[in-house]
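Structure, as structure tokens:
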Amino acid sequence: MTRPMTKLVGAHVSVVGGVHHSITHARHIGGTAFALFLKLQRQWESPPLNPSHVALFKDGMIEHGYGARAVLPHGSYLVNLGNPDKEKRERSYKAFLDDLNRCESLGLRLYNFHPGSTTGVCAVGESIGHIAECINCAHNETKNVICVLENMVKNEHRVYVYWLDIIAALVAGAGNIVGSKFEELGEIISKVKDKSRVGVCLDTCHTFAAGYDIRTPEAYAETMTLFARHIGFKFLNGLHLNDSKYDLGSRKDRHENIGKGQIGVEAFRLIMNDERMNGIPLILETPLGKGGDMSVWKEEIELLYGLVEEEEG
1 MTRPMTKLVG
11 AHVSVVGGVH
21 HSITHARHIG
31 GTAFALFLKL
41 QRQWESPPLN
51 PSHVALFKDG
61 MIEHGYGARA
71 VLPHGSYLVN
81 LGNPDKEKRE
91 RSYKAFLDDL
101 NRCESLGLRL
111 YNFHPGSTTG
121 VCAVGESIGH
131 IAECINCAHN
141 ETKNVICVLE
151 NMVKNEHRVY
161 VYWLDIIAAL
171 VAGAGNIVGS
181 KFEELGEIIS
191 KVKDKSRVGV
201 CLDTCHTFAA
211 GYDIRTPEAY
221 AETMTLFARH
231 IGFKFLNGLH
241 LNDSKYDLGS
251 RKDRHENIGK
261 GQIGVEAFRL
271 IMNDERMNGI
281 PLILETPLGK
291 GGDMSVWKEE
301 IELLYGLVEE
311 EEG
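Residue numbers for the sequence shown follow full-length UniProt numbering, so the first one is 1 and each next one is one higher.
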């Protein structure tokens, strides 16, 4: 199959054994993009990146043609920049800044993270102010990494299942999550001083679970019109491609394999043929096969590229 190189598709791959192994995994599944964690996700403190692994990562990026914006690192689930508790927010900011510095040491330009939560203590507007303030401070302490806000779901505690591991997202007060509405993400961006270094990653499962329909051409167009109105496509820096185990507006963040959930294949066909999605990482976070079998992702990547329609003439 001839792949349109305007679409960069991959998955969130493992870094077990060193950050450079992410490139090996991405190539194994035929990914033209990939996501990774930059450090351990279940603890606040992590050892620094191994310099030899950093060198191998940079060499691999060049050798295999992965651009700096084809990689979408994912931030720690522990971080909550919207926390009204100053001491806890500062702890989150320290971890956030450490991740941004890791991005820069690897030569990467994007950093995807969950905006945060009110923890049920303050108004959403206050948390939005804290998140924007943290981004502004981080911009002053780093050079060029773009802080990419992920759209969220106001729901119960979530459990994420990746390769051979289970990561519990222990975000306090998950029902008070910031960023489930496009308006909230737009408001955060409006308060960021350097607009060239802030963006958004749309998760299809989160979008659907939050009540934005994308299953038909008409519904997809309506949702994208809302995105353009409240955020703007110039701020779109990536997508997480996930089907959903639950129906529209369920407020349940449960990922399903492409075409096997409630969203269905048509939405992903629309995405793969939308020129506004060109040149940004489109990342699978769907369930792996038994024993962490990544062939599922390889098949899904081929499925997605197969949805691209050839231009007539």
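Every residue gets a Cβ at the ideal spot worked out from N, C-alpha and C, and that includes glycine. Note that this is a predicted model, so its numbers are computed, not measured.
Worksheet entry | V16 burial status per 10 Å Cβ neighbour count (16 or more: buried) | The sequence position of residue 16 within the sequence shown is 16, counting from 1. V16 comes out exposed.
Worksheet item: Pick from H21, I135, M152, Y246: whose alpha carbon is nearest that of R197?
Response: Residue mapping note: residue 197 aligns to position 197 of the sequence shown, counting from 1. Closest option to R197, Cα to Cα, is I135.
Worksheet item: Near V296, which residues of its chain fall below 8 Å by C-beta distance, leaving aside the five closest residues on each side in sequence?
Response: As a first step, residue 296 must be located in the sequence shown, where it is residue number 296. Closer than 8 Å at Cβ, skipping near neighbours: N257, T286, P287, L288, G289.
Fill in: Beta-carbon proximity of V178 to I128, cut-off 9 Å
Counting from one through the sequence shown, the residue named residue 178 turns up at place 178. Counting from one through the sequence shown, the residue named residue 128 turns up at place 128. Yes, these two residues count as a Cβ contact at 9 Å.
Worksheet item: Quick one: what's got a C-beta closer than 6 Å to D194's C-beta in the same chain, skipping five residues either side?
Response: In the sequence shown, the residue the question calls residue 194 occupies position 194. Excluding positions up to five away in sequence, the list reads H139.
Worksheet item: Taking buried to mean at least 16 other C-beta atoms within 10 Å of its own C-beta, is E300 buried or exposed?
Response: Here residue 300 is taken as the residue at index 300 of the sequence shown, counted from 1. Label assigned to E300: buried.
Fill in: Run of the beta strand (DSSP E) containing E275, from where it starts to where it stops
Numbered from 1 along the sequence shown, position 275 holds the residue referred to as residue 275. Note, E275: premise wrong, no beta strand (DSSP E); not H, not E.
Worksheet item: Taking three-plus beta-carbon pairs below 8 Å as touching, is the region 56-65 in contact with the region 90-102?
Response: no
Item to complete: Decide if S190 is buried, meaning its Cβ has at least 16 other Cβ atoms within 10 Å, or exposed.
Response: The residue given as residue 190 occupies position 190 in the sequence shown. Exposed.
Practice prompt. Determine the DSSP secondary structure at H255, reduced to helix, strand or coil.
Written response: Position 255 of the sequence shown, counted from the start, is the residue given in the question as residue 255. Residue state, collapsed to three classes: strand.
Discussion item. Once the 5 residues before and after H20 are set aside, which same chain residues still bring their CB inside 7 Å of it?
Written reply: Residue numbering aside, residue 20 sits at position 20 when the sequence shown is read from its first letter. Excluding positions up to five away in sequence, the list reads H53, L56, F57, G60.
Worksheet item: Three-state secondary structure (DSSP) at C122?
Response: Along the sequence shown, read from residue 1 onward, the residue named residue 122 stands at position 122. In this structure, C122 counts as coil in the three-state DSSP scheme.
Worksheet item: Can you give the Cα-Cα distance for A68 and E150, rounded to whole angstroms?
Response: Your numbering for residue 68 matches position 68 in the sequence shown. Your numbering for residue 150 matches position 150 in the sequence shown. Computed Cα separation, rounded: 19 Å.
Practice prompt. Identify every residue that forms a DSSP beta bridge with Y111.
Written response: Indexing the sequence shown from 1 puts residue 111 at position 111. Y111 pairs with C147.
Worksheet item: Between L248 and chain B, is there a C-beta pair that is closer than 9 Å?
Response: You won't find chain B in this structure, because it holds only one protein chain.
Worksheet item: Using a Cβ-Cβ cut-off of 7 Å (strictly less than) and excluding sequence neighbours within five positions of L40, which residues of its own chain qualify?
Response: The residue you call residue 40 lines up with position 40 of the sequence shown. Result list for L40: S46, in chain order.
Worksheet item: Cβ atoms of S244 and H255: under 9 Å apart, would you say?
Response: Against the sequence shown, residue 255 aligns to sequence position 255. Against the sequence shown, residue 244 aligns to sequence position 244. It is a contact, given that the beta carbons lie within the stated cut-off.
Worksheet item: Which residue or residues does DSSP assign as beta-bridge partners of I135?
Response: Translated into positions along the sequence shown, residue 135 becomes position 135. DSSP lists no partner for I135.
Practice prompt. Using the Cα positions of E90 and P217, report the straight-line distance between them to the nearest angstrom.
Written response: Here the question's residue 90 lines up with position 90 in the sequence shown. Here the question's residue 217 lines up with position 217 in the sequence shown. Cα to Cα, the separation comes out at about 44 Å.
Item to complete: For F182, I'd like the list of residues in its chain whose CB is within less than 6 Å of its CB, leaving aside the five on either flank, ordered along the chain.
Response: In the sequence shown, counting from the first residue as 1, residue 182 sits at position 182. So the list reads L226, F227, H230, I231, once near-sequence residues are dropped.
Worksheet item: Roughly how many angstroms separate the alpha carbons of P281 and F34, rounded to a whole number?
Response: By one-based count along the sequence shown, residue 281 stands at place 281. By one-based count along the sequence shown, residue 34 stands at place 34. Their backbone Cα atoms lie some 7 Å apart in a straight line.
Practice prompt. Between the Cα of C103 and those of R251, P48, N176, T24, spot the shortest distance and give me the residue it belongs to.
Written response: Locating residue 103 in the sequence shown gives position 103, where the first residue counts as 1. Closest by alpha carbon: P48.
Worksheet item: Under the three-state reduction of DSSP, which class applies to D213: helix, strand or coil?
Response: Residue 213 sits at position 213 when you count from the first residue of the sequence shown. D213 falls in the coil class under three-state DSSP.
Fill in: Contact check, F268 vs L236, beta carbons under 9 Å
Taking the sequence shown and counting its residues from 1, one reaches residue 268 at position 268. Taking the sequence shown and counting its residues from 1, one reaches residue 236 at position 236. Not in contact: F268 and L236 (Cβ atoms no closer than 9 Å).
Practice prompt. Could you pull out every unbroken beta strand (DSSP E) segment of at least 3 residues lying fully inside the region 56-80, listed in chain order?
Written response: none
Practice prompt. Just list the alpha helix (DSSP H) runs in the region 22-52, keeping only unbroken ones of 4 residues or longer that don't cross its boundaries, in chain order.
Written response: none
Practice prompt. Please name the residue or residues paired with L236 in a DSSP beta bridge.
Written response: Counting from one through the sequence shown, the residue named residue 236 turns up at place 236. Answer is V200, bridged to L236.
Worksheet item: If you drop the 5 nearest sequence neighbours on each side, which residues of the same chain put their C-beta closer than 7 Å to that of M272?
Response: In the sequence shown, counting from the first residue as 1, residue 272 sits at position 272. Cβ within range, chain order: K7, L304, L307, V308.
Worksheet entry | Among E87, Y246, T142, C147, the one whose alpha carbon lies nearest that of K260 | Counting from 1 along the sequence shown, the entry for residue 260 is found at position 260. For the residues E87, Y246, T142, C147, the minimum Cα distance to K260 belongs to Y246.
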